[in-house]
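Protein chains in written order, with our numbering: chain S, 1 to 265; chain X, 1001 to 1356; chain B, 2001 to 2444.
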Amino acid sequence: MLSEMDSVKESDIALRGSNITLSFGGVNALLDVNFQIFEQEILAIIGPNGAGKTSLLNCINGFYRPDKGSILFRGVDLTKIPSHKIARMGIARTFQNIELYTGLNTVHNLMAARHNFMRHGVFDGAFYFGRARSEIAEHRERVEDIIDFLDLTPIRNVEVGSLSYGNRKRVELGRALALEPQVLLLDEPMAGMNVEEKEDMARFIIDILELKKTSIVMVEHDMGLIMDISDRIIVLDFGSKIAEGSPSEIMQNPEVLKAYLGTKS
Amino acid sequence: MFNKPAGTFNASYTKDEAIVRTRTQWGLLIILVGILAVVPYYGPLASDYWINFLIYVAITVISVQGLNILTGYCGQISLGQAAFMAVGAYTTAILSSKAGWPFLACLPMAGLMATAVGFIFAIPAVRVKGFYLAITTLAAHFVIIYLIISLEFTGGSIGIYIERPRIGSIIFDSPQSFYMLVIGVTIVMTVFAKNIVRTKVGWAFIAIRDNDLAAKVMGVNPFTYKLLAFSISAFYAGIAGSLLVYHLQFAHPEHYGLTQAIWLLGILIVGGMGSINGAIFGSIFVRLIDEITNIHISPALGNLFPSLAGQMSAALGLLVFTAIVGIFIIYEPRGLSHRWQLLKASYRLWPFSYWT
Amino acid sequence: MNISIKRAMLLFVLLGSLLLLPAIGACGDDDETAQEETAQEEDQTPTDLGKPVKISQTFALTGPYASQHKEIFEAYEDYIKFINDNGGLKDTNGISHPLEMLWVDDKMEVTTELSFFEKAKADGSLIHGSLYSSAYGALLPKAEKEKIPLFCFSSSNMVIDPQRTGYSMFPYYEDVLGAYVDWFLQTWDKPSQPKLAIIALDNAYGKSALGSEILDFIESRGVDVVAKEVVDAVPVDTTANLIKIQNADADFIYAQVIAPTAAVIARDMQKLDIELTIASPAPMGPSALLDMAPEACDGWIGMLWAGFYADDDRGVKFMRDLQTEYRGSPMETDQYALGIASVMTMVEAVRLAMEEVPFDELSPEKVWQFGINRIENFDTEGILPPINLGVEHGYYGQNHVRPVQIQGTQIKWIDDFIKCPDTMAYKEYYQTEGKAIAEELAGE
Ligand SMILES: Nc1ncnc2c1ncn2[C@@H]1O[C@H](COP(=O)(O)OP(=O)(O)O)[C@@H](O)[C@H]1O
Ligand SMILES: [Mg+2]
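This is the structure:
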């Protein structure tokens, strides 16, 4: 895969973060982190709790503004533009603690995410005529595709506030997909799931990569799973990147073993 | 979400998004509109008194629909609704009495003027949340009312008399004809509200209300949409204010007190925030209770216990209103509309009501 | 549940309870009267000789006007009992009919006012009364359309313009200010031009003292208006306003305010050691002011049109008798006097109409035509100067004021009734245009 290549072509890089430093009142959440995300790869970010994984994702989609450093995506520095514009550029994400629109059902959670693609405004909307009507029909079809793809059909009309944890995680993934992202950030997508649900989720992630040609960044703790599906791994510890490489490289990295895996074994 | 009527399957997604889906529903809708049209002429409500009441309820519905879009759907509390109604009312009063504009010109202009004023006050308001937002909108209320009292062309504290509305050569002079006009506008505004909340803008509002963090990540600019919600809500207030001033035939700043803004919020809570039906149920329910306690029960109690007249019996209206809102907040925070949903769900699935 | 919605609800509860405070505050005073009243009622034998004759009146028994309106309410109650105890009202066949009042607490909400107006109309009320101008303004077009006589306690200029079937029996606020200026000038012996400062409440009633016509009138009398201060109904502090007035070197002050406002002004004047002649019109209510600021208000003048302030007064005696009869003991208030004068005039209109029109044919329009229009030199037991209403009599009610002054713990008349000057040029309106409209209405 890409990581095994000797030289990296610039055009293969989807997103590049350089020297990212972020601190919260003395605590360094991120310290001089450099990373690249390649086109169409699954990049896993691992590290103990509090290592700065979520903070890194938050920097990418504009929730946090790094104190130093830049994040280049399609020639634009993401650290300078607001979250909703970053979303429009094609970066979608899910959250560690599911953040859905609890008052809407599954279909409409996904429809809401088609926001960027719909052109109708409040006037067409008020009349529910012409563009509003045709657009909604059209986007509804895209949404239904995603619903099929993620096996959400049985819960499509259920208000998401009342769904099970696993289903909500899945709906959240669907909502991120509805944005048709080029880079998909997943923050612990399998946390709290049973083995079966985890396997489903892993299959979806691989399918997304293949069918939608998306780059996927995934924060995860389940090492077995990461070894199976990720192309490359970045290891964070106390805000610093301590290692980067293919799963097999990471498995043998003594520093990683000491800092992270070592604690487990 | 609740089930569609048993046995309803949708052939297309357009149909699935439709509000009225089955033939029975169409039938019921037509019957409802028919009843609304006949009410002022036949039956127990065909008196000036009840028509006056229905007109007021309908105007309330419009204003509450606007507040519902802002507070119920977009999650932004506002105490400025009465003041925005005043803007609509005064736009109408001035244009109609001083420039002789007809109804069809005054009504939209009242809405637009209120929108413009609402927009201006929304610019600082959308930057703050919760209690700070409430205080900001409260300030908007006082500034607007102060301006109306102080300016010369608003008639200051004297007020402005206006003529009955007219469209072409038709003058809506009788209570019945004015009722028809108001009901017509109310239906249109309600349909608009329903459509707004089931299209792109409405989903963006709900996204901001339910999770503004996630909304941002999904590309919704909260700033723009909150501004939009304020503007739409002010537009509704403007239309309601315009109709109210045509109804009263007199514009006066004392008609648009803070109490009115609080009533509107209370009606929204009782009806159910974030529900178009809720705004209607709430308006009817609260206004009816208020009417009965104030006009009927309270004077009767006063006559029965003369020592209480002007004391407990006078405060009864407010006590009952506050009690009702309190009860709803504690026992049914989702309001009457939720009760209605439950009722419909149990009816639809009958006799297979094991579905949950 | 969403946080912002929860907050909205919490805020709602807070605001709601704030609103309730004044309402609850208005409760709970005189409980002693309760027993006496019930005792009174047991003595009475119902004299149900005919169907009741109904009049209707709204009060704002909740809100800032609650205490004033309660007194007016009691005046209505007492006078109606008095009429009924004296045989009710006789129709053309000599049959007596009891008088009944339909009433409502409108909480100062115009929609309640309108709703009650429709209900009273449906219930057969012959004449309708409202207390303040914002409500009156919304009722007038409806009343005019159906020729229902409409009374209003407020006498700001909107009451007469346009005036068709709406009336106030009290002098117009502008004229009262004019009368005060003239009255003050009588005792002005300095060579300099006198300087007047006006303090106006921030509403229709208050601001009517600042209208261009009355200001022109004051100027025409050679008085300089050196300060115009607008204050809230219940202001926190008026020192800033008073210092401005002091710096403007004013010689006398006119405060178009209500009692709570006057109380704050009085205390602030005492603090600042300002000793200028200060007066207010009747809605201020000197007895209420005396309750609120007993020491500070000494010397304050009320330009009243009725009150309880002389033992030998015919009107005062009449009212004391009424109160002793129905409330156990007299309570010295001016709002009660206004209430009596108002209800008396309304009942008089009904009585006059009943002389002419058979009972079955009575209607608000008939009361307007044969009642209101025939009120000429009507004597309210001396509470007010003679009242004239209707087309032939220039709509005017009566146009006199009488100054009282708070002296220590007492309120005393300090002059006789003074006829107010006509300060409003457009009053010619009712002699010409208004009269034409009225005749047209009557002629149909
Ligand atoms: N908003 C914040 N305010 C203060 N400290 C924060 C904030 N977000 C993250 N941190 C701190 O930054 C560090 C990294 O946190 P995080 O990125 O959530 O770790 P991870 O996702 O790897 O578990 C932690 O020490 C955390 O306490
Ligand atoms: Mg984390």
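C-beta atoms are modelled at their ideal positions from N, C-alpha and C, and glycine is treated no differently. Model, not experiment: these values are computed from the prediction.
Within this structure, are the beta carbons of residue i and residue j separated by less than 7 Å?
i	j	result
Ile45/S	Val33/S	no
Met118/S	Glu135/S	yes
Lys2195/B	Asp2224/B	yes
Ile270/S	Ile233/S	Because chain S is modelled from 1 through 265, residue 270/S falls outside the range shown and cannot be assessed.
Leu2114/B	His2128/B	no
Asp2123/B	Phe2359/B	no
Ile42/S	Ile216/S	yes
Ser1097/X	Ile1160/X	yes
Leu1264/X	Gln1081/X	yes
Val160/S	Leu100/S	yes
Ile1162/X	Ala1099/X	no
Residue i: which of the options sits nearest, CA to CA?
i	options	result
Pro2171/B	Ile2406/B, Gly2408/B, Ile2411/B, Asn2388/B	Asn2388/B
Tyr1049/X	Thr2111/B, Glu2100/B, Arg2164/B, Thr2058/B	Thr2111/B
Ile1295/X	Ile1276/X, Phe1281/X, Gly1278/X, Ala1315/X	Ala1315/X
Ile1144/X	Thr1091/X, Val1188/X, Asp1212/X	Thr1091/X
Ser164/S	Val143/S, Tyr128/S, Asn194/S, Pro181/S	Asn194/S
Gln2410/B	Gly2390/B, Glu2332/B, Glu2348/B, Thr2423/B	Glu2332/B
Arg1209/X	Ile1019/X, Gly1034/X, Leu1036/X, Ile1069/X	Ile1069/X
Ile1239/X	Ile1077/X, Thr1024/X, Tyr1073/X, Leu1104/X	Leu1104/X
Leu1045/X	Lys2051/B, Gln2405/B, Glu2118/B	Glu2118/B
Ala1279/X	Thr1115/X, Asn1303/X, Ile1187/X, Thr1154/X	Ile1187/X
Lys2070/B	Leu2061/B, Asp2078/B, Glu2077/B	Leu2061/B
Ile1996/B	Pro2191/B, Lys2190/B, Gly2166/B, Ala2250/B	Summary: the structure shown does not reach residue 1996/B, with chain B confined to residues 2001 through 2444, and so no result is reported for it.
Asn240/S	Lys9/S, Gly26/S, Leu31/S, Arg16/S	As written in the sequence, residue 240/S is Ser, which differs from the Asn given in the question. That would be Leu31/S, whose Cα lies nearest to the Cα of Ser240/S.
Glu197/S	Tyr64/S, Lys169/S, Glu210/S, His221/S	Lys169/S
For residue i, I'd like the list of residues in its chain whose CB is within less than 6 Å of its CB, leaving aside the five on either flank, ordered along the chain.
i	result
Leu179/S	Ala92, Ala113
Arg2267/B	Ala2293, Ala2296
Thr2038/B	Legend: pLDDT at Thr2038/B = 42, less than 50; position of this residue unreliable, value from coordinates given subsequently. Same-chain partners within the cutoff: there are none.
Cys1074/X	Phe1205, Ile1208, Arg1209, Ala1229
Tyr2136/B	Ser2130, Cys2152
Looking at ligand 1, does it come within less than 6 Å of residue i, judged from the CB to the closest heavy atom?
i	result
Ala1018/X	no
Ala2204/B	no
Phe24/S	yes
Val217/S	no
Gly50/S	yes
Val312/S	Because chain S in this structure spans residues 1 to 265, residue 312/S falls outside the shown range and cannot be described.
Would the beta-carbon of residue i be found less than 6 Å away from any heavy atom of ligand 2?
i	result
Thr54/S	yes
Gln1081/X	no
Gln1341/X	no
Gln1076/X	no
Gln96/S	yes
Taking 8 Å as the limit between beta carbons, can you name the residues of its chain near residue i, skipping five residues before and five after?
i	result
Gln2246/B	Leu2272, Ile2274
Ala1089/X	Ala1110, Gly1241, Ser1242, Leu1244, Val1245, Ala1251, His1255, Tyr1256
Ala1214/X	Ala1207
Thr1356/X	Bear in mind that a pLDDT of 39 at Thr1356/X, under 50, signals an unreliable position, so the model cannot answer this.
Please return the same chain residues whose Cβ sits closer than 7 Å to the Cβ of residue i, not counting the five positions on each side in sequence.
i	result
Thr2238/B	Val2231, Val2264, Ile2265, Asp2268
Thr94/S	Glu172, Leu173, Ala176, Leu186, Asp187, Pro189
Phe38/S	Leu2, Asp12, Ile13, Ala14, Ser215
Asn1277/X	Ser1337, Trp1340
Gly47/S	Lys53, Val235, Leu236, Asp237, Tyr260
For residue i, decide whether its Cβ has a neighbour in chain C, counting only Cβ atoms nearer than 7 Å.
i	result
Glu2118/B	Given the protein chain composition of this structure (S, X and B), no chain C is represented.
Subject >> Residues, ordered as in the chain, of the region 1274–1301 of chain X that lie near chain B by beta-carbon distance below 7 Å >> reply: Glu1291, Asn1294, Ile1295, Ser1298, Pro1299
Original post:
Using a Cβ cut-off of 7 Å, which residues of the region 2195–2226 of chain B contact any Cβ in chain X, in chain order?
Top reply: Asp2202, Asn2203, Ala2204, Lys2207
Original post:
Closer than 7 Å, Cβ to any Cβ of chain X: which residues of the region 2257–2270 of chain B, in chain order?
Top reply: none
**OP:** Output, in sequence order along the chain, the residues in the region 1052–1074 of chain X whose CB is closer than 7 Å to any CB in chain B.
**Re:** Asn1052, Phe1053, Tyr1056, Thr1071: these are the residues of the region 1052–1074 of chain X whose beta carbon lies less than 7 Å from some beta carbon of chain B, given in chain order.
Original post:
According to a CB-to-CB cut-off of less than 7 Å, which residues of the region 1249–1270 of chain X neighbour chain B?
Top reply: Shown in chain order are the members of the region 1249–1270 of chain X whose Cβ falls below 7 Å from a Cβ of chain B: Gln1249, Phe1250, His1252, Glu1254, His1255, Thr1259, Ile1262, Leu1265, Gly1266, Ile1269.
**OP:** Quick one: which residues of the region 1161–1172 of chain X get their C-beta closer than 9 Å to a C-beta of chain B? List them in chain order.
**Re:** Tyr1161, Ile1162, Glu1163, Arg1164
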